[in-house]
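Enquirer: In the working numbering, the protein residues as written are 3 to 200.
1) What does the alpha-carbon distance come out to for the pair residue 159 and residue 83?
2) From residue 10 to residue 100, what distance separates their C-alpha atoms?
3) Across the region 61-80 and the region 122-131, are there enough close Cβ pairs to call them in contact, namely three or more that are closer than 8 Å?
4) Taking the alpha carbon of residue 183 as the point to measure from, which residue in 151, 87, 52 and 115 has its own alpha carbon closest?
5) Residue 57 and residue 74 look like a contact to me (Cβ under 8 Å); what is the Cβ gap, rounded to whole Å?
6) To the nearest angstrom, how far is the alpha carbon of residue 116 from that of residue 146?
7) Give me, in chain order, the residues of the same chain whose beta-carbon lies closer than 6 Å to that of residue 154; leave out the 5 immediate sequence neighbours on both sides.
8) Quick one, are the C-beta atoms of residue 102 and residue 54 less than 7 Å apart?
9) Excluding five sequence neighbours on each side, which residues of the same chain lie with their C-beta closer than 7 Å to the C-beta of residue 98?
10) Is it right to say residue 120 is buried, meaning 16 or more other beta carbons lie within 10 angstroms of its own, or is it exposed?
11) Can you list the beta strand (DSSP E) stretches of 3 or more residues lying completely in the region 98-176, in chain order?
12) By the three-class DSSP mapping on this structure, what secondary structure does residue 183 have?
13) Classify residue 76: buried if its beta carbon has 16 or more other beta carbons within 10 angstroms, exposed otherwise.
14) For residue 32, collect the residues of the same chain with a Cβ closer than 7 Å to its Cβ; drop the 5 residues on either side in sequence, then sort them by chain order.
15) Please report the distance separating the alpha-carbon of residue 130 from that of residue 12.
16) Using a Cβ-Cβ cutoff of less than 8 Å, which residues in the same chain neighbour residue 34 once the five nearest sequence positions on both sides are dropped?
17) Buried or exposed for residue 59, please, with buried defined as at least 16 other CB atoms from any protein chain shown within 10 angstroms of its CB.
18) For residue 83, report the span of its alpha helix (DSSP H) as first-last.
19) Which term fits residue 50, buried or exposed, when burial requires 16 or more other beta carbons within 10 angstroms of its beta carbon?
20) Who are the near neighbours of residue 167 in its chain, counting only those whose CB is closer than 8 Å to its CB and skipping five residues on each side?
21) Considering only DSSP beta bridges, list what residue 73 is partnered with.
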């Protein structure tokens with residue numbers, strides 16, 4: 003009977019990872035928190051952003067198709083969105099993945115800040131066609147604050163909302179433009195329902 007060949011790996015980026023330090027050992031709930039566990043996800047992302055292995059970890063997770071957990075400050079939805087954006091022709095290309103990861107981790111690098119770029123950088127897919135929002139619920143742009151719902155409304159309609167923007171779906175964290183309506187649209191829908199009921 004032959005012995006299995008040694009499988010020891012040489013030192014690499016994993017050895018420097020903060021997640022391997024005693025401070026974070028045994029905290030799988032934090033590293034593998036779901037989208038509903040916002041605090042744990044936020045703590046994992048903050049730890050990742052301090053880690054010397056940040057970029058290498060994120061690139062490895064995207065290239066490897068890791069489905070769950072926070073790796074290199076990217077949650078599973080963000081990695082899935084990156085792989086989708088890269089398409090089948092580039093998702094296994096280390097250079098293309100490295101560029102996409104760099105842009106995801108540094109969204110302001112190289113692009114002008116507009117409500118559209120804020121939207122692209124802050125949203126991520128949720129199940130059943132809903133969209134989630136990363137970060138604070140409001141952003142400052144052009145010297146004034148915008149709520150995430152106002153941004154969603156603006157990027158899809160090309161105009162500022164009239165009055166309050168409200169969700170039309172049951173998913174509390176959803177910011178899909180398809181699931182938003184301002185005062186004007188809600189009034190139009192109510193009038194159409196009344197007319198149809200007659």
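Every residue, glycine too, gets a C-beta built ideally from N, C-alpha and C.
Expert: Reading from the atomic positions:
1) By 1-based counting over the chain shown, the position of residue 159 is 157. By 1-based counting over the chain shown, the position of residue 83 is 81. Per the coordinates, the alpha-carbon of residue 159 lies some 23 Å from the alpha-carbon of residue 83.
2) Taking the chain shown and counting its residues from 1, one reaches residue 10 at position 8. Taking the chain shown and counting its residues from 1, one reaches residue 100 at position 98. For residue 10 and residue 100, the distance between alpha carbons rounds to 26 Å.
3) At 8 Å Cβ cutoff, the stretches touch.
4) Against the chain shown, residue 183 aligns to sequence position 181. That would be 151, whose Cα lies nearest to the Cα of residue 183.
5) As a position in the chain shown, residue 57 is number 55, starting the count at 1. As a position in the chain shown, residue 74 is number 72, starting the count at 1. Right, their Cβ atoms sit about 7 Å apart.
6) As a working mapping, residue 116 is identified with position 114 in the chain shown. As a working mapping, residue 146 is identified with position 144 in the chain shown. Approximately 13 Å, taken between the alpha carbons.
7) As a working mapping, residue 154 is identified with position 152 in the chain shown. Scanning its chain for C-beta atoms nearer than 6 Å, with the 5 sequence neighbours on each side dropped, one finds around residue 154 the residues 177, 179 and 182, in chain order.
8) For the purposes of this step, residue 102 is identified with residue 100 of the chain shown, where counting begins at 1. For the purposes of this step, residue 54 is identified with residue 52 of the chain shown, where counting begins at 1. Cβ atoms of residue 102 and residue 54: not closer than 7 Å.
9) Numbered from 1 along the chain shown, position 96 holds the residue referred to as residue 98. So the qualifying residues of the chain are 88 and 92.
10) Counting from 1 along the chain shown, the entry for residue 120 is found at position 118. Buried, since its Cβ has 16 or more Cβ neighbours within 10 Å.
11) 125-127, 133-135, 140-143 and 146-149
12) By one-based count along the chain shown, residue 183 stands at place 181. DSSP places residue 183 in strand when its eight states are reduced to three.
13) One-based indexing of the chain shown puts residue 76 at position 74. Burial is judged here by how many other beta carbons sit within 10 angstroms of a residue's own beta carbon; residue 76 has at least 16 and is buried.
14) Locating residue 32 in the chain shown gives position 30, where the first residue counts as 1. Result list for residue 32: 42, 45 and 46, in chain order.
15) Translated into the one-based positions of the chain shown, residue 130 becomes position 128. Translated into the one-based positions of the chain shown, residue 12 becomes position 10. Rounded to the nearest angstrom, the two C-alpha atoms are 43 Å apart.
16) The count along the chain shown starts at 1 and reaches residue 34 at position 32. For residue 34, where only same-chain residues beyond five positions count, the Cβ hits under 8 Å are 70, 71 and 72.
17) Taking the chain shown and counting its residues from 1, one reaches residue 59 at position 57. Under this definition residue 59 is a buried residue.
18) Mapped onto the chain shown, residue 83 falls at position 81. From DSSP, the alpha helix (DSSP H) with residue 83 extends over 78-88.
19) Translated into the one-based positions of the chain shown, residue 50 becomes position 48. Label assigned to residue 50: buried.
20) Reading the chain shown from its first residue, position 165 is the one you call residue 167. Contacts found: 149, 151, 152, 154, 155, 182, 183 and 184.
21) Position 71 of the chain shown, counted from the first residue, corresponds to residue 73. 76.
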